[in-house]
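Student:
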Amino acid sequence: MIPVIVNGAQGKMGQEAVKAVQAASGLELAGCFDVDNNLEVELKTHRGCVVVDFTHPSCAFQNAQTILAAGCHGVIGTTGFQPSQIDELAQACKSLQHGFFIAPNFAIGAVLMMRFAAEAARHMERAEIIELHHTGKADAPSGTAHKTAEMMAESRAAAGLPSFEGPDAVTNTLPGTRGGCLGGIRIHAVRMPGVLANQEVLLGAAGQILSIRHDTLDRSCFMPGVVLACRKVRSLKGLVVGLDQLLWNESHSTHE
Ligand SMILES: NC(=O)c1ccc[n+]([C@@H]2O[C@H](COP(=O)([O-])OP(=O)(O)OC[C@H]3O[C@@H](n4cnc5c(N)ncnc54)[C@H](OP(=O)(O)O)[C@@H]3O)[C@@H](O)[C@H]2O)c1
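Residue numbers 1050 to 1305, in our numbering, belong to the letters of the sequence shown in order.
(1) Pull up the distance between the alpha-carbon of ASP1293 and that of LYS1093, whole angstroms please.
(2) When the Cα atoms are used, what is the spatial distance from GLN1114 to ILE1135?
(3) For GLY1057, which of helix, strand or coil comes out of DSSP?
(4) Just confirm the distance between the C-beta atoms of PHE1150 and ILE1125, as a whole number of angstroms; I'd bet it's less than 8 Å.
(5) Any heavy atom of ligand 1 within a distance shorter than 7 Å of the CB on GLN1248?
(6) Please classify THR1303 as buried or exposed, where buried requires at least 16 neighbouring CB atoms within 10 angstroms.
(7) Would the beta-carbon of ASN1056 fall within 8 Å of that of VAL1100?
(8) Measure the CB-CB distance between GLY1233 and SER1212 and report whether it falls below 8 Å.
(9) Quick one: what does DSSP say SER1269 is sitting in, helix, strand or coil?
(10) Look at ALA1202 and LEU1161 and say whether their C-beta atoms are less than 8 Å apart.
(11) Beta-carbon within less than 7 Å of VAL1219's beta-carbon, same chain only, minus the 5 sequence neighbours each way: which residues are those?
(12) I'd like the ranges of any beta strand (DSSP E) spanning at least 3 consecutive residues and lying wholly in the region 1211 to 1243.
(13) Starting from the Cα of HIS1183, find the closest Cα among GLY1243, GLU1214, ALA1238 and GLY1215 and give me that residue.
(14) Quick check on the burial criterion: 16 or more other C-beta atoms within 10 angstroms. Buried or exposed for GLN1111?
(15) GLY1228 and MET1173: beta carbons closer than 8 Å?
(16) How should ALA1176 be labelled, buried or exposed, when 16 other C-beta atoms within 10 angstroms of its C-beta is the threshold for buried?
(17) Kindly list the residues whose CB is nearer than 8 Å to the CB of ALA1058, restricted to its own chain and excluding five residues on each side of it in sequence; keep chain order.
(18) Is it buried or exposed for ALA1109, if we count other Cβ within 10 angstroms and need 16 for buried?
(19) How many Å lie between ARG1235 and ILE1178 at the Cα?
(20) Given this structure, state the Cα-to-Cα distance separating LEU1251 from HIS1195, to the nearest angstrom.
(21) Count the other CB atoms, across all protein chains shown, that sit within 10 Å of the CB of MET1272; report buried if there are 16 or more and exposed otherwise.
(22) Would you identify the three-state DSSP class for GLY1120, choosing helix, strand or coil?
(23) Which term fits THR1265, buried or exposed, when burial requires 16 or more other beta carbons within 10 angstroms of its beta carbon?
(24) Based on the DSSP output, what are the partners of PRO1052 in its beta bridges?
(25) Between TRP1297, LEU1295 and VAL1289, which has its C-alpha nearest ALA1139's C-alpha?
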């Protein structure tokens, strides 16, 4: 049995993760921690465990470092990592040859949306991303929107194409109206009560628009991905970022 601890266990995702771990064959719930626990102290007696983290962007990096320092394997779903923080974790995991995993989105449909968007980015002239989340979401844009734009930009670069660019508004009477920009892709973050998590990638070319959309209807959709990561993380040889890497890259290429 693989011992799994859930950090952020009282939160919306944490509660789902606890149920998923309890129901999954080969996994055993070894602990539930939340904001009142001192993670460093708690993990002292859990070396080698898998730690699922769904907490808050403000503590995600610190928690990841604590998990690694304790000799545990992180399955991190918390969003809000800076690229420099991912790089730092990757270096530390690489030198220790230690399995660690981060996914901005554990839902298979969202992973497919990102993959299709990356492919489409090579064939279209412009792209924008609209992500919609509940009002309790702490970070913007979402980790999924950020990762989607990154994958689309990388896909174009790999094909020798320039980043998306072209005519745009020349007067902006309301700052921020055109959203944030990553790799020439505008990202617009909508926060609404009643919404869970949705994303639409719009790609345009002369006379046509392609829309690739994913709607999260229930948090249970993330759990097969979480369980898969818990089963695989201990055999990874460094930091792996993105569920697509576990699903389609059998060599488990690590983040350099
Ligand atoms: N990767 C994915 O597929 C995916 C999917 C959905 C959400 N997420 C991300 O997962 C994270 C959690 O989302 P959520 O909706 O579950 O949030 P949530 O309902 O607010 O739950 C977070 C839980 O973590 C606790 N917490 C805060 N700081 C902590 C700390 N330092 N140590 C331990 N626990 C701490 C919170 O306690 P308090 O309430 O007392 O602060 C709360 O119980 C967010 O970053 C979200 O964007 C990722």
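We put the CB at the ideal spot given by N, CA and C, even for glycine.
Tutor: From the atom records:
(1) In a straight line, the C-alpha of ASP1293 is about 32 Å away from that of LYS1093.
(2) Note on geometry: alpha-carbon atoms of GLN1114 and ILE1135 lie some 11 Å from one another.
(3) The DSSP-derived three-state label of GLY1057 is coil.
(4) About 7 Å; that satisfies the 8 Å criterion.
(5) No - ligand 1 has no heavy atom lying nearer than 7 Å to the Cβ of GLN1248.
(6) For THR1303, the predicted structure reports a pLDDT of 41, less than 50, and the residue's modelled location is therefore unreliable. A value from the coordinates is still provided. Its Cβ being crowded by 16 or more others within 10 Å, THR1303 is buried.
(7) ASN1056 is a Cβ neighbour of VAL1100, given a cutoff of 8 Å.
(8) Yes. Within cutoff.
(9) Here SER1269 carries a helix assignment [DSSP, helix/strand/coil].
(10) No; because the gap between Cβ atoms is not below 8 Å, this pair is not in contact.
(11) In its chain, beyond the 5 residues on either side, no residue has a beta carbon closer than 7 Å to the beta carbon of VAL1219.
(12) Whole beta strand (DSSP E) segments, 3+ residues: 1229 to 1231 and 1234 to 1240.
(13) Checked all of GLY1243, GLU1214, ALA1238 and GLY1215; the closest Cα to HIS1183 is GLY1243.
(14) GLN1111 counts as exposed, since fewer than 16 other beta carbons sit within 10 angstroms of its beta carbon.
(15) Not in contact: GLY1228 and MET1173 (Cβ atoms no closer than 8 Å).
(16) Residue environment: ALA1176 is assigned as buried (16 or more neighbouring CB atoms within 10 Å of its CB, all protein chains considered).
(17) Apart from the 5 residues on each side of it in sequence, ALA1058 sits with its Cβ closer than 8 Å to the Cβ of GLN1064, ALA1066, VAL1067, CYS1081, PHE1082 and ASP1083 in its chain, given in chain order.
(18) Residue environment analysis places ALA1109 among the buried positions, since at least 16 neighbouring C-beta atoms fall within 10 angstroms of its C-beta.
(19) Each residue's Cα considered, the two are about 6 Å apart.
(20) In this structure, the CA atom of LEU1251 is about 15 Å from the CA atom of HIS1195.
(21) Burial state of MET1272 is buried, judged by a 10 Å Cβ sphere holding 16 or more other Cβ atoms.
(22) Coil.
(23) Classification of THR1265: buried, given that the 10 Å Cβ count is 16 or more.
(24) For PRO1052, which the question treats as bridged, DSSP gives the partners GLU1077.
(25) Residue nearest to ALA1139 within the set TRP1297, LEU1295 and VAL1289 is VAL1289 (criterion: CA-CA distance).
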